[in-house]
Amino acid sequence: MDKDFLINLTIAIVLVLTQVLICNHIFIFNVAMAFVFIYVIIRMPMDMKTDALLPWAFVCGLLVDMFSDTPGVNSLACTVLAMVKRPCMYAYVPRDDRTKSITPSIKELGFAIYGKYLLTMSAIYCFLAFTIEYFNFADIKEIVIMTVSSAVLTFLVILGVDSLIVSNEKRL
């Protein structure tokens, strides 16, 4: 097996378990929840084709759904997130040969570009998850508040996770 595949699989397993066992039980002020497992989708290399990324995203979302009593919410939101990953990245980075093979991280992109990319992806995921969960726009104010607060919390937590993973990769 490929070394990168094993690293990504290990990261996916650890983050899904962290989401299910810890993050799903922490709901700050009843409006903010960290979705740390979406880092699996965000971190996948840009040269990975979308049709190869979709099963990863779907399975990660499905595993979280199975243990979170949210049938289909996370799997649908993760699948859509995998589909918008490439256009979202290329909105902030020029599309050339150098950027086709990068793995999105603070180290590769710098804080400004990575921060915009990460915040956008977090906001998209949170909006999709809360909109699908509520399934109507009658509570649009609550959806917006939960989306913004959860996106910011997810952004901050994933920045921490990214800095840990990147510093551990330097040691290997």
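All residue numbers for the sequence shown refer to my numbering, where the first residue is 3 and numbers rise by one. Just so it is clear, CB atoms sit at the ideal spot from N, CA and C, and this is done for glycine as well. The model shown is predicted, which means the values in this text are computed figures rather than measured ones.
Just reading off the alpha helix (DSSP H) that residue i is part of, what are its end residues?
i	result
Ile24	First-last for Ile24: undefined, no H or E at that position.
Ala192	Residue 192 cannot be examined here, being either before or after the span of the chain that is shown, 3 to 174.
Thr52	Thr52 to Ser70
Arg45	Tyr41 to Arg45
Arg88	Val75 to Tyr92
Using alpha carbons as the reference points, say which of the options lies closest to residue i.
i	options	result
Met48	Ser151, Arg100, Ala79 and Ile167	Arg100
Pro57	Val42, Phe69 and Asp71	Val42
Ala54	Asn76, Phe69 and Thr81	Thr81
Asn76	Ala125, Ile134, Ile44 and Pro89	Ile134
What residues in its chain sit with their C-beta under 8 Å from that of residue i, if we drop five residues either side in the sequence?
i	result
Pro73	Asp67
Using a Cβ-Cβ cut-off of 7 Å (strictly less than) and excluding sequence neighbours within five positions of residue i, which residues of its own chain qualify?
i	result
Leu102	At residue 102 the sequence reads Lys, which differs from the Leu that was named. Taken in chain order, the residues that qualify are Met48 and Asp49.
Val33	Ile147, Met148 and Ser151
Within 10 Å of its beta-carbon, does residue i have 16 or more other beta-carbons around it, so buried, or fewer, so exposed?
i	result
Arg45	buried
Lys87	buried
Ile30	exposed
Gly63	buried
Phe132	buried
Pro89	exposed
Provide the residue(s) that pair with residue i in DSSP beta bridges, ordered along the chain.
i	result
Ile30	Ala34
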